Amino acid sequence: MRTNRRFAPLWVVPVTLAAVAGTSFAQTDAPAVLAIGATAPMRETRMMGVDGKEITLADAAGKKGTLVVFMCNHCPWVKAWQGRIAKVGNAAVLKGVGVVAVNSNDPAAYPEDDMAHMKDRAKDLGFKFPYVVDATSDLARAFGATHTPEIFLFDAKGKLVYHGAVDDNKDERSVQRPWLMQAVSSVAAGKPVATAETKSFGCGIKFRGKSES
Amino acid sequence: MLGCLACLSAAALTFAGCAVHRAPLVAISAPEVQALAARPGARATLVNVWATWCPPCREEFPALVRVGEKRRGQGLRLVFISVDPEDQLAVVRKFLAARGVADTAYIVTGDPMVFINTLNPRWTGALPATFVYNGRGELASFWEGAADENRFNQSVDQAIATR
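What follows is the structure in structure tokens.
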């Protein structure tokens, strides 16, 4: 948690803490994200994995649920959490929750996000689940995913029960709310997820041009 | 000369030599952002949330600086808020200096989720994110992702018109 202000000069005029109403008439340009309770779109779309095999979300689904992780290779925010993604994802697989990590970024914009780097990353992290390419970025569009890392967890009935961040701190040693780990445990146990929606900063997904289909 | 090279290398800067951001770099929370936008003295406030490690943030930064300079006399207050971690403050300062930012700049403090939801519940957390407030501190427009000078100008025009 960044709470200290040791770098703030003392002479800076403090800003007023008066609450300001703010969003009632604002024009916003925010995507429609998959709502809690919704089912996963594009379940039958085939995506190439780092193992050279194509897989769909339906293929990846587990008996207890399905975890979809939008991630990539280049993003410092992903790099901060990728070890935890591997840890929670591998544990989820063992609990009967299917897992698939999805890279929707255009590698033309970020060369580190190409398939060769994906293979290396999955190997280095010891993923025991598929890491696939969303080759049109349409899966991210359909989910309303905007940044990486961004998590979508579905229960055994295919309903979205958790959307958001892995946990509450970039520094793993300082995590106080391990949201994803708790949500996966709940889904695996067939129990309701306590915290359904969270947010964190992340790298905006670099979408490919819209496909014509 | 060696010092300059080290400076450029460390911050991936492209110009301005070893200039360092001398203006204050201040921690800020979401309510403080809103209060800043409502502070008298500006007809519009453009808040840009960015990070040095975010390529689209870096790409749009020069356009934002140009808009801020050109429209300062028209009452535009330009506010840069970095989400870089505290151990990257030196990099933030070098980045700001290299792009000619001389005004006070800010670093997000506190719970990121609270910051995101307080500024706008529709903000997903993706960077960059831009918020344009009118002179009363009311949010006039918001978007995620990079933009160009034209869009920044249009959003400022709109905010000023909603006074």
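Protein sequences, first through last, are from chains A and B.
This note's numbering numbers the first residue of the first sequence as 2 and each following residue consecutively.
This note's numbering numbers the first residue of the second sequence as 11 and each following residue consecutively.
Heads up, the beta-carbon is just placed ideally off N, CA and C, and yes, glycines get one too.
Every value quoted in this text rests on a predicted model; they were computed, and no experiment measured them.
Any Cβ of chain B closer than 9 Å to the Cβ of A:D107 would place that residue at the interface, and such an atom is absent. The secondary-structure analysis by DSSP pairs A:D52 with nothing; it has no beta-bridge partner. The alpha-carbon separation between A:G90 and B:P50 amounts to approximately 50 Å. Note that the C-beta distance between B:V89 and B:E159 is not below 9 Å. T199, K200, S201, F202, G203, C204: these are the residues of the stretch 183–204 of chain A whose beta carbon lies less than 9 Å from some beta carbon of chain B, given in chain order. Contact of B:L137 with chain A by beta-carbon distance below 8 Å involves H148, F202, G203, C204, G205.
For A:H75, there is no enclosing beta strand (DSSP E), as DSSP marks it with neither H nor E. In the three-state DSSP reduction, A:W82 falls in the helix class (H, G or I). Contact between A:K129 and A:V94 holds: CB atoms are separated by about 5 Å, below the 8 Å threshold. Taking the CA atoms as reference points, A:R174 sits about 15 Å from A:W180. Residue contact with chain B for A:P179: absent (no Cβ-Cβ distance below 9 Å to any residue of chain B). Between the alpha carbons of B:T119 and A:A117 lies a distance of about 37 Å.
A:I152 is classed as buried because its beta carbon has at least 16 other beta carbons within 10 Å across all chains shown.
Uninterrupted beta strand (DSSP E) stretches at least 3 residues long and entirely within the stretch 30–109 of chain B occur at 35–38, 54–60, 86–92, given in chain order.
Counting every other CB atom within 10 Å of its CB across the protein chains shown gives A:G210 a total below 16, marking it as exposed. With respect to the C-alpha of B:A54, the residue from B:A156, B:A157, B:S151, B:G155 having the closest C-alpha is B:S151.
Nearest Cα to B:T134 within the set B:T140, B:I126, B:P66: B:I126.
The three-state secondary structure of B:I117, taken from DSSP, is strand. In the displayed model, B:W133 falls within coil according to three-state DSSP, outside both helix and strand. Residues of the stretch 55–80 of chain A with a Cβ closer than 9 Å to any Cβ of chain B, in chain order: H75, C76, P77, W78.
When Cβ-Cβ separations below 9 Å define contact, B:A115 makes no contact with chain A.
In chain order, A40, V43, F141 place their CB closer than 7 Å to the CB of B:L129, counting only its own chain and leaving out the 5 sequence neighbours on each side.
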